[in-house]
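Residue numbers (the working numbering): 1035 to 1446.
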């Protein structure tokens, strides 16, 4: 079994004093033993044993520094920081306003993000700070924001009940069924807000995601009855900036029903379903279940009319915030390198940008979206979203406090 680096250091630490005092013949034996144990070459092993414990001087920008051979203490470099506190504070502000994206999503979007925030007077930057922000790399962004990410560090259960009677009428989705190079082919799913208690009625969120552009729409319903899910789907269809051409769902009875089948046949919408217990079949919407729903509304229980109203107020703001200002990447292709699969992604773009790039969408719709974009302030949208989040947390907390605890209940 191969030795760890710490074990090798300990062996050299014990052998070095004996080696440095030994005769030539004794040194040969010690060296043979060390090479056998560690796998080092004789030259390198000899150098380590000879120089162990000695100071090696290193010349840096601020004069000479030294380190001790065999010590794991790193030499401290007093190099001036390129990205100082002013740059870091501005970067944090942008990062928080745009919902904490990773470096690979944030960096390609920084030019238009900075321009948008400066237009609405949410950010004031000097030319030097702006130049540094525009030249920063994704890896540096992730390193600078590492501590902030740790501060923000929250399983869920599935309530999908298969609708078996009509499954044979709805084909499993294949590549032949959909033209995924056009916007309008969407995956949909329900997210339950039961708070860990599956009894009774509780709110659900219908999540619909376009495969090509990543455009996401959400609508809360009072429960998963077919009637409410169908109404929510119609409302979402009316809000989409492109025609709904196809929908793909799981095997839940709220989707697999005669009403939705007849509706899709009448409106000429391709209706397909995923395979049972295969979440990757709906990977686009499953990802949005977390980033758009769970990260925003959490895992609390929502069941009252007031909570339902607040959820839909939030979603009306969230659709603008995510579709207009949240950059996303798309997988372009995968390649196998030996035993690993390497994934290649395109440059991060917002769903709006991908809609504007689509040739199948009318110019009048594109112009309407551009006009709407010019009026929106992402920082103000974020503040309104946080305000509603605080309202419903307070509402749910008061509701839970009003429920008597077991020791408070009078059983007489």
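Note that CB positions come from ideal geometry on N, CA and C, so glycine has one too.
- For residue 1229, the CB contacts under 6 Å within the same chain, skipping 5 residues up- and downstream, are 1334, 1335 in chain order.
- Around the beta carbon of residue 1044, fewer than 16 other beta carbons lie within 10 angstroms, which makes this residue exposed.
- Note that the stretch 1396–1403 does not touch the stretch 1308–1319; fewer than 3 beta-carbon pairs, one per stretch, sit closer than 8 Å.
- Ranked by Cα distance from residue 1390, the options 1420, 1358, 1365, 1161 are led by 1358.
- The beta carbon of residue 1340 sits closer than 8 Å to those of 1429, all from its chain and outside the five residues before and after it, given in chain order.
- In this structure, residue 1125 lies near residue 1178, with their beta-carbon atoms less than 8 Å apart.
- For the stretch 1230–1261, the continuous beta strand (DSSP E) assignments of 3+ residues that do not extend past its boundaries occur at 1238–1244, 1250–1255, in sequence order.
- The beta carbons of residue 1254 and residue 1323 sit about 14 Å from each other, so the pair does not count as a contact at 8 Å.
- Closest option to residue 1220, judged by alpha-carbon separation, among 1239, 1350, 1305: 1305.
- With contacts defined by Cβ atoms closer than 8 Å, residue 1363 and residue 1250 do not form a contacting pair.
- If you draw a 10 Å sphere on the C-beta of residue 1393, you find fewer than 16 other C-beta atoms in it, and that means exposed.
- The alpha-carbon of residue 1348 is positioned some 11 Å away from that of residue 1425.
- Annotation for residue 1226: no alpha helix (DSSP H) segment contains it, though the beta strand (DSSP E) segment containing it runs 1219–1226.
- Minimum Cα-Cα distance from residue 1263 among the listed residues 1231, 1297, 1247, 1169 corresponds to 1297.
- DSSP lists 1370 as the bridge partner or partners of residue 1375.
- Restricting attention to 1130, 1037, 1181, 1238, the CA atom closest to the CA of residue 1331 is found in 1238.
- Taking the Cβ atoms as the reference, residue 1174 lies roughly 7 Å from residue 1117, within the contact range of under 8 Å.
- Shown here, residue 1335 sits in a strand according to DSSP, grouped into three states.
- Counting C-beta atoms within 10 angstroms of its own C-beta, residue 1292 has fewer than 16 neighbours from the protein chains shown and is therefore classed as exposed.
- Counting the other Cβ atoms within 10 Å of the Cβ of residue 1266 gives 16 or more, which makes it buried.
- Distance from residue 1142 to residue 1361 at the Cβ level is roughly 7 Å; contact confirmed, criterion being Cβ atoms closer than 8 Å.
- If you draw a straight line from the Cα of residue 1154 to the Cα of residue 1227, it is about 35 Å long.
- Taking C-beta separations shorter than 7 Å and ignoring five residues to either side along the sequence, the partners of residue 1182 in its chain run 1126, following chain order.
- Residue 1036 has its alpha-carbon roughly 57 Å from the corresponding atom of residue 1351.
- Counting the other Cβ atoms within 10 Å of the Cβ of residue 1427 gives fewer than 16, which makes it exposed.
- Membership of residue 1384 in any alpha helix (DSSP H) is not indicated, and neither H nor E is assigned to it by DSSP.
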